[in-house]
Amino acid sequence: ELAGERVYRLGGLNYGAGDAESAISSAAGLYFTHEAKRFDAAFELNKRNAAEFRDLCEALAGSPLGLQLAAPWCRLLTLGAIVARLSDASAGNHSDLPGPRQQLIAAIEESIRDLDRTHHSALAKLSVFESDFDSAAAEFVAQAPVSVLKGLDDRNLIERVGETRFKLHPLICEHARRH
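Position in the sequence shown (first residue = 1) + 538 = the numbering used here.
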């Protein structure tokens, strides 16, 4: 970190409470609609595609960057087709992904490869957690004391979600399991 540098942690955008109306009016819904209309002026987030939009947000954990990278594909694909392509990517098929998405995956993989043995091992073991976990569980399951968690957090590979709770972004989790 540089002197005077500030780190602002950004989480995923809220994408509603599960019903179509809340998804459409959510922060993620408004942002995605704005971005998608830049590429397809006729795009509309509505009751017919709100469930697919929620699936997209689930796959991306509400990530603004992920939503921004997915938006141009609305010109060619339905939201369901975009989600299907993301599922293919989760299975390891990256060949048909848009360039920025490939770059994001490559950056994640490079970040994981650059870890020293202790952090790499801890991240792989932490990927067993389906949701968030506390520091005691991290130390027990992954032999990851707070100093290791701090190192992973410094590299933005884990996210602090409470005073002593952490989680892995789904994309980081799936790639950590493979490495």
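Ideal Cβ placement from N, Cα and C applies to all residues, glycine included. Model, not experiment: these values are computed from the prediction.
Range of the contiguous beta strand (DSSP E) that encloses residue i
| i | result |
| --- | --- |
| R703 | 703-705 |
Counted within 10 angstroms of its Cβ, other Cβ atoms place residue i as buried (16 or more) or exposed
| i | result |
| --- | --- |
| N587 | buried |
| F577 | exposed |
| V684 | exposed |
| S601 | buried |
| S770 | For the chain, the structure presents residues 539 to 717; residue 770 sits outside this window and is missing. |
| L574 | First, the residue type needs correcting, since residue 574 is Ala and not Leu in the sequence shown. Classification for A574: buried. |
| F678 | exposed |
| H572 | exposed |
| V697 | Going by the sequence as given, residue 697 is Glu instead of Val. Buried. |
| L551 | buried |
Residue range of the alpha helix (DSSP H) that includes residue i
| i | result |
| --- | --- |
| E677 | 673-680 |
| G600 | Where G600 is concerned, there is no enclosing alpha helix (DSSP H), given that its DSSP letter is neither H nor E. |
| S665 | Run containing S665: none; DSSP gives neither H nor E here. |
| R715 | 708-716 |
| I562 | 558-563 |
Beta-carbon proximity list for residue i, same chain, < 6 angstroms, skipping 5 on both sides
| i | result |
| --- | --- |
| C711 | S665 |
| A682 | A660, A676 |
| N567 | Here residue 567 is Gly; the residue named in the question, Asn, does not match the sequence. Within the same chain, G567 has close Cβ partners A561, L583. |
| Q606 | E573 |
| P610 | F577 |
Rounded Cβ spacing between residue i and residue j (contact assumed at less than 8 angstroms)
| i | j | result |
| --- | --- | --- |
| K663 | A680 | 3 angstroms |
| L594 | L617 | 6 angstroms |
| H657 | L709 | At roughly 18 angstroms, the Cβ-Cβ gap does not stay under 8 angstroms, so H657 and L709 are not in contact. |
| A597 | L624 | 5 angstroms |
| R592 | G549 | Between G549 and R592 the Cβ distance is about 17 angstroms, and since that is not below 8 angstroms, they are no contact. |
| E647 | H707 | Going by Cβ atoms, the distance from E647 to H707 rounds to 13 angstroms, so no, they are not a contact pair. |
| A558 | K585 | 4 angstroms |
Among the options, the one whose alpha carbon lies nearest that of residue i
| i | options | result |
| --- | --- | --- |
| V621 | I643, A589, A674 | A589 |
| I650 | D672, L607, N694 | N694 |
| R703 | L607, A714, K688 | K688 |
Close Cβ partners of residue i (< 7 angstroms) along its chain, the five nearest in sequence each way excluded
| i | result |
| --- | --- |
| C612 | A574, F577, D578, F581 |
| S669 | K705 |
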